[in-house]
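Those letters in the sequence shown? Residues 2 to 365, per the numbering used here, in order. Encoded as structure tokens, the structure appears first; notes follow it.
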Amino acid sequence: MIKSFTLLRSSGAILPHNYFTFLHKISQYSRFFHKYVIIQRNGGVMFFEIFTRVLAIFLIIFLGAIARKNNFLTAETTSKISLCVTNFFYPALIISSITSNFSAHSLLSHLVLPAGTIIIMTAGYITGMLFLNFLTFESDKQKNTFLFQSTINNYFFLPLPIIAMFFGDKGVAYLVFSSLGSEISVWTIGILGLTGNQLGKKSLKNLISVPIISLILSIAIVFFKDSFVLSSLSNNKLLKTILTEISGSIEMFGKATVPLALFTAGSRMSEFPIQKVKTQKILWIVFLRLIFIPALSCAILTFLRIEKEIFFVLATVAIMPSAIASIILSDTYNADIEFASSSVLATHIVSLFTIPAWLTFLMR
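Shown next as structure tokens:
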């Protein structure tokens, strides 16, 4: 857990003229705290600062909704932009993040990242299965969708800007690598829940996607980069210049992922039936997805001997709302689209407050 530093005048301590510069210099003694400690006088102020940062992210989503409501975007254009993000911008972000922040050794030593997200999703799946016994559903479709929403959350595009604020490029690389475990979870236990325990070749084939291929390619590049062959080739100045320019272009291209993903998310969410979010099952999803499952996941993660940065990245994934992709998957696998849409909207609205609350708690 991250501890905040608070110096109180009431303690009688003599504060230097430049208070925050003094605290900044203290934080430099620790690389960990230097990167993401928020210096505040109490938890309420810390919550407010994190809330404003998260609100800024949600404003991009809101702008997407405005664009959709005013017909700047249509359902078709939103889908096409989403496809571009998934198949072009996101893969570029994956390649630039992994190749710039990992070596072959560090990749092997950070396998806990994809393992951690599998643990988080599995905790959600088991929780959902347990609560199915206590709740009454209108249909099997709604029941299956409830289980999927308990299992899979918004594990990448929403936590991405939040993690980037605290950890920069290194944190983004951690999140990208962890998404391997998330993708595996979506197309195994996620589809298992959504289809009523039917896992076929169709879902397993979806593991072979452009983002997954990009991730595998990135890992291959890292290992090749660390090999003796590439080390020898890197002495060639012309080749080194070409590779540097290509890498810079890919990085610049990948940076468009966050605003585009959030903007299109807003466009999609503007379609959702807001009048349906007050049903009992939706309230249960809000409770499980934003409070119970994050608490359970964080408790499990504390038993793992992992770096604090890795813990924070995984914990941030755990506290995210339901996955927007669940709507598309509900349509594909003949589940309850209306329930999926309502739960996504409800969890995202409430998460505007629960995300800052969780981050404040984790940082104290």
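Glycine included, each C-beta is placed from N, C-alpha and C at the ideal position. Every value quoted in this text rests on a predicted model; they were computed, and no experiment measured them.
query, result
"Alpha helix (DSSP H) segment containing Thr100, residue limits", "Tyr91 to Asn102"
"With 16 other Cβ atoms within 10 Å as the buried cut-off, status of Asp337", "buried"
"DSSP-derived helix/strand/coil call for Asn88", "helix"
"Residues near Glu101 by beta carbon distance below 8 Å, same chain, minus five either side", "With the sequence shown as reference, residue 101 is identified as Ser, and Glu is not the correct amino acid for it. Within the same chain, Ser101 has close Cβ partners Asp170, Ala174, Ser248 and Glu252."
"Neighbourhood of Ile222 by C-beta distance below 7 Å, restricted to the same chain and skipping five residues each side", "Thr100"
"Alpha-carbon spacing of Lys70 relative to Ile51, whole angstroms", "29 Å"
"Buried or exposed (CB count within 10 angstroms, at least 16 for buried), Phe73", "exposed"
"Buried/exposed call for Thr303, threshold 16 Cβ in 10 Å", "exposed"
"Beta-carbon proximity check, Ile283 vs Ser344, cutoff 7 Å", "yes"
"Identity of the residue in Ser210, Arg54 and Phe59 nearest Phe167 by Cα", "Arg54"
"Which listed residue (Phe48, Ser98 and Ile61) has its alpha carbon closest to that of Leu218", "Ser98"
"C-alpha gap between Ile1 and Thr128, whole angstroms", "Missing from the structure shown is residue 1; the chain here goes from 2 to 365 and no further."
"Reduced DSSP secondary structure (H/G/I, E/B, other) of Ser140", "coil"
"Alpha helix (DSSP H) segments (min. 4 residues) lying fully within the segment 123 to 170", "141 to 152"
"Backbone CA spacing between Gly194 and Phe103 [nearest angstrom]", "34 Å"
"Whether Pro212 touches Tyr91 by CB criterion (7 Å)", "yes"
"Cβ neighbours of Leu161 in the same chain (closer than 7 Å, five flanking residues each side left out)", "Val173, Leu176 and Val259"
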